[in-house]
Structures are given as C-alpha cells and as structure tokens.
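Just so we're aligned, residue 58 is where the sequence shown starts under the numbering used here, counting upward by one.
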Amino acid sequence: MEVLSVASEIYPLIKTGGLADVAGALPAALVESGVTMRTLLPGYPAVVGRIAGGREVARFDDLFGVTGRLIAGRVEGLDLIVLDAPALYDRPGNPYMGPEGWDWPDNWKRFAALSWVASELGLGLVEGYRPQVIHAHDWQAGLVPAYVKFGPSATLKTVMTVHNMAFQGTFGADIFSQLRLPLHAFSVEGVEYYGGVGYLKAGVECADVVTTVSPSYADEIRTPAFGMGLEGLLNNRSGTVFGVLNGIDMQAWNPATDPALKRNYSAGTIQGRTDNKWAVLEAFGLDVLDGPLFAVVSRLTWQKGIDLLAANIDMLVAQGGQLAVLGSGDAELENAIRAASLRHPGKVGLITGYNEALSHLMQGGADVMMVPSRFEPCGLTQLYALRYGSIPLVSRVGGLNDTVIDANVAALQAEVATGVQFAPPDEQALANAIRRVFELYKDQKSWKKMQRRGMKSDVSWASSAAHYAQIYASLTGMTLNDDPDS
Ligand code: ADP
Ligand code: GLC
C-alpha cells in the first residue's frame, strides 16, 4: 500500500513542534504493516539543501502564479517529495512566519499550492507512482481532501489528522477564486467557513476519515470548549473520527545511546541520571542542591499553561525545588519566567530559543518534567519523559490524560503510577500537584520505582502505526501484512 503523507514540517529536517516528530517517525513505523509512506514537503531552504541529489520528477510552469518542480529522494531514511518553489518557500524564518514573527501574508497560497500538488500526485502526476491514500496533517494540508473530493478520482482516499484545533488556517473569501476549486466548493460541504475559507474546516469536512492524536482529545473536540468551532461538524461525522495516540521514535529518543546525554543509562542504571542532572544545572547556571529539579521544554504559550507555572515558581522554590525552562514564545510569558530567574538566582533558569540537544539532556537529567497545558492534543514531552525516567507532572487533558498514570493512592498501592496529574488546569490545582511531587520525592525508593515503571511503559509507535494502517486498509479494501487472511 502506498500512502502519501503531506506535512509542513518533518524531523530531522525542519521542526517547530510535535508535528515534525510525528511526520518523521510514522513512515518507519508503518513499514511492518506493509505500508510505504512518502512525504510531500515544502522546499524550505533547510529542506532543499538536503535533497540536492534527488531526482526531478515534475515541473510546474504555473503553480498558483509561480514556477516550481518536484524533487524526489531519500534523506535521513525518509522518502521525500519536495516541492521546490523558491517564490513560495525560499525564505528565512520558520515555516510559517518571517524573522519578525509575523505570519507570511501569502500563507494561503503557500499551503494551497502544497495541497494542490498532493492531489495531483494522487491522480498520477508522476509516472510509476500512485498512492491509494493521501494522509494530510493539520491546516497546512487541509485543502488536500477538498481537492480530492472536488476532483476527478473516485478511488483516491484521504485521511485528515488534526494535531491542534487551535490552528485552523482561516482566510478571507477573496482567495477562493484563486484556489482552483469549482464554484460549488465554496459551500458548507466544502471550504466555506463563516463566510471565509477554512483550510482545517475543509479537511475535516471533506476527508474520508478524520483522526486526531489521542483518544481523549478526540472526545474533547466534540465539545465547544475544545472544538474551537468545529465541534458541530465533528459530531455530524462522529463514526469516522478516531483518536490515534502518537508514539515516539525509540531510536532517536533512547537514554541508553543518546549522544546528547552526559551519561547514558537504562532502567537498571538509573543512578547514571545524576551526571545528566549536574550537566543541566550547569547549562542553566543553577546551584547543585538536593531538591528535585523541575524542567519545562515547551513553546511558551497560553495553551501550554506557562502562566500557571509562572504563578507557582516562588512556591516551588520555597519548598526546595529548582526549575529549568527551555523554550520560546509569547514575550510576556518569557518575561515572567525571566523575572523569576532573577528573583531566584541559582534556583531558576531560563534558556530561550530552540535547542534539540539540550532538550534531550533535560529529559535525561530532570527529576520532573512539567506539562501544565490547558489543552494538549497529544503532547510528546511527557512521552520522552517516561522513556527517560523523568517524572511527568501534567494536567489531566487530551493526550496527557491518556499517557500518564497519576500517583493517587490506588495507583501507588497497585504499583502502576508513572507520574502526577492535576485538574482542572488552574494555578491552585498545579500548586497542589507540585506539593504532591515533593511528598513523593521524599520517598526515594518508591520514586525510583515510579521512574523505572515509566521507562518500561510502551511509548513506541507499534500499536498506533498498526491502527493507522488499519484505517488505510479499511478505506482502500486492501489487506495488510499482518492480516491472517492475506
Ligand atoms: P507542540 O507540538 O504542541 O509544541 P509536543 O509536545 O507535541 O507539543 O511537541 C513539542 C516538541 O518540540 C517536542 O519534541 C519537544 O521536545 C520540542 N521542543 C519544544 N520546545 C523546544 C525547544 N525550545 N528546544 C528544543 N525542543 C523543543
Ligand atoms: C500539536 C499538539 C501536540 C501534539 C503534536 C503532534 O502540536 O499541540 O499536543 O503532540 O501536535 O501530534
């Protein structure tokens, strides 16, 4: 089975968040089920530089008014098809914004072009390549299901995965005439959304199957509090909406071999983490103390509950804890953490910017990894934390709810706890959870047991990749490798 994945970022070439990790890890995880996944990716500078030795497989003289070409090749074990269209993608900054932090004004065109090209590939644009399914990720690929639905193919199937309802790609109605869609696509059954054009809405409406990245989030987004306007639509098609939990790349994130760690370790040699903790303290300019080291690796935004954290830092320090924060985002939240680091020198540290290696070291050295999100479709940091024996302290929402077993009395007695959860996501509940962490930390024997349990929990892609494969199979009527009838 051939599946074309369409994503706006992919690890290790270009990453702003968890979508890149997922897009980068899923293809390898699907191999076992007999699914070949290629990924269509915009030709950002970081991508074009890596695919230079690839093969040109198509050319476009008029790609929404610009020229472009497709280059196919294998990079870092990934089968890529890169849309090299310099007028659209050859720009500084991250995939969506310029260096000043503003969205590119032609994002509608940049990602319409990507989606249109995907649908052309699905129709057999490149000789010898014809995917049966196109798997579109997030609003940037949201128009793919619309191009397919309003296009000529009766057999091509689409899966739309929503990684975050908060980002929907909505634009004015004026762009519609340039989208290369028939007039009747500007309707409730198509791309029309509150009088404008909604890319994610189009994907959710037009795809054969909609998935999101955890079972809890799949339930939450059917409600107004989390659906962000799309809950009605999701409820209308609830038989074809599934929650498929993300996994992690078990090779890239392996404490026994991770080159970013000061000291490698496994569940049996967990004391080796201490060297990593010291390295983290040093990196953040923090004192060497006995208390627990809390860490945050995150976008610093309202979604991630960073304000809830900021409100609790004085209390965390008063109890003898330390805090290391790696991230960037809203200036106000960054400033709140920075102010705390100035109030508590040697106890609280902030490093801004994006640093993949440091994020690994923090997973390998922190005692507690905090993810106090207001909503979290899946969340990967808590999965990395489990794998690295860092105790996750998380809010009880979305994928955080599905992946961490709270250390309540029953779970401790049954010896199944892997972390600490709190609800609702507010300051007070987080304060209570932090206090609970200090209590648990006092009993080092049971703390270590909890760490080891986390390290043994299955955070791999195995079962979820099989779930995606099953979805593709049900859409195409094809059989899978592990199907006993095949
Ligand atoms: P989201 O995609 O909503 O940001 P996830 O938890 O799914 O949240 O994924 C975040 C990913 O980005 C993780 O791989 C995390 O380690 C990484 N990350 C976030 N901020 C940073 C940073 N400042 N430096 C390095 N990695 C980061
Ligand atoms: C989004 C979500 C995050 C999820 C990631 C990958 O960025 O915010 O929860 O883990 O996508 O699916």
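Every residue, glycine too, gets a C-beta built ideally from N, C-alpha and C. Note that this is a predicted model, so its numbers are computed, not measured.
Cβ separation of residue i and residue j, assumed to be a contact under 8 Å, to the nearest whole Å
i: V267; j: V219; result: 7 Å
i: T358; j: G378; result: 23 Å between Cβ atoms; not a contact.
i: L457; j: G436; result: 5 Å
i: S273; j: D78; result: Wrong, their Cβ atoms sit about 19 Å apart, outside the cutoff.
i: K214; j: T533; result: 6 Å
i: V461; j: Q439; result: 6 Å
i: A170; j: L120; result: 5 Å
i: A230; j: G252; result: 6 Å
i: L380; j: L487; result: Not really, about 13 Å apart at Cβ, beyond 8 Å.
Which of helix, strand or coil DSSP assigns to residue i
i: T331; result: helix
i: F351; result: strand
i: R431; result: coil
i: P239; result: coil
i: H192; result: strand
i: F233; result: helix
i: S452; result: strand
i: W281; result: A quick correction: the sequence has Pro, not Trp, at residue 281. Residue state, collapsed to three classes: helix.
i: P102; result: helix
i: R95; result: strand
i: S514; result: coil
i: S521; result: helix
i: E496; result: helix
i: S543; result: Any reading at S543 needs caution, since the residue's pLDDT is 46, under 50, leaving its predicted position unreliable; the model's value is listed next. DSSP places S543 in coil when its eight states are reduced to three.
i: Y256; result: helix
i: T409; result: coil
i: I462; result: coil
i: G130; result: strand
i: R444; result: helix
i: D364; result: helix
i: D306; result: coil
i: S385; result: strand
i: Y274; result: helix
i: E262; result: helix
i: I108; result: coil
i: A423; result: coil
i: T533; result: helix
i: D119; result: strand
i: R400; result: helix
i: Y68; result: coil
i: S62; result: strand
i: Y146; result: helix
i: Q225; result: coil
Residue from the options whose Cα sits closest to the Cα of residue i
i: A375; options: Y250, S452, Q225 and F495; result: F495
i: A64; options: Y186, L238, S210 and H192; result: H192
i: R444; options: A230, S323 and S430; result: S323
i: G422; options: A103, W196, I394 and V337; result: V337
i: E246; options: V261, A144 and R237; result: V261
i: S172; options: V104, L257, F243 and Q501; result: L257
i: S452; options: M427, R279 and G446; result: M427
i: A317; options: L418, A170, L145 and D500; result: L418
i: G583; options: W504, T212 and F224; result: What is shown of the chain runs 58 to 543, which leaves residue 583 out entirely.
i: A309; options: L182, Y441 and L469; result: Y441
i: V447; options: G289, P349, L145 and F117; result: Per the sequence shown, residue 447 should be read as Ser rather than Val. Closest option to S447, Cα to Cα, is P349.
i: Q485; options: I370, G208 and D500; result: I370
i: V425; options: S90, Q478 and S531; result: Q478
i: F207; options: A242, S531, I327 and G181; result: A242
i: G384; options: P84, A414 and A368; result: A414
i: M535; options: M285, D163 and T212; result: T212
i: L390; options: T409, N221, L373 and M372; result: T409
i: V354; options: F341, V345, L240 and L346; result: F341
i: Q508; options: D347, R400 and T326; result: T326
i: V201; options: Y529, R187, L346 and G179; result: G179
Own chain, CB closer than 6 Å to residue i, minus 5 neighbours either side, in chain order
i: I128; result: I108, G111, E113, V139 and D141
i: P482; result: G362, R431 and S452
i: N292; result: R279
i: R126; result: E113, R116 and D141
Proximity test, residue i beta-carbon vs the ligand ATP heavy atom, cut-off 7 Å
i: G386; result: Absence of the ligand ATP is noted for the structure shown, with the ligand ADP and the ligand GLC being the only ligands found.
Residues of its chain near residue i, where Cβ-Cβ distance is below 8 Å and the 5 sequence neighbours each way are ignored
i: A467; result: none
i: N321; result: P312, A313, T314, D315 and G329
i: P541; result: Residue placement at P541 is flagged as unreliable, the pLDDT there being 49, under the threshold of 50; a coordinate-derived value is accordingly withheld.
i: T96; result: L61, S62, V63, A64, I67, A80, P84, L135, D136, L137 and I138
Beta-carbon proximity list for residue i, same chain, < 7 Å, skipping 5 on both sides
i: Q360; result: A223, S430, R431 and F432
i: E66; result: K72, T73, L76, A77, A80 and P152
i: V104; result: L70, I71, L98 and V139
i: A203; result: L238, A242, G247, V248, A259 and C263
i: A526; result: L87, S90, V92 and L537
i: S514; result: L443 and T475
i: A523; result: S90
Query - Length at least 3, wholly inside the region 167-216: the beta strand (DSSP E) runs in chain order - result: 190-194
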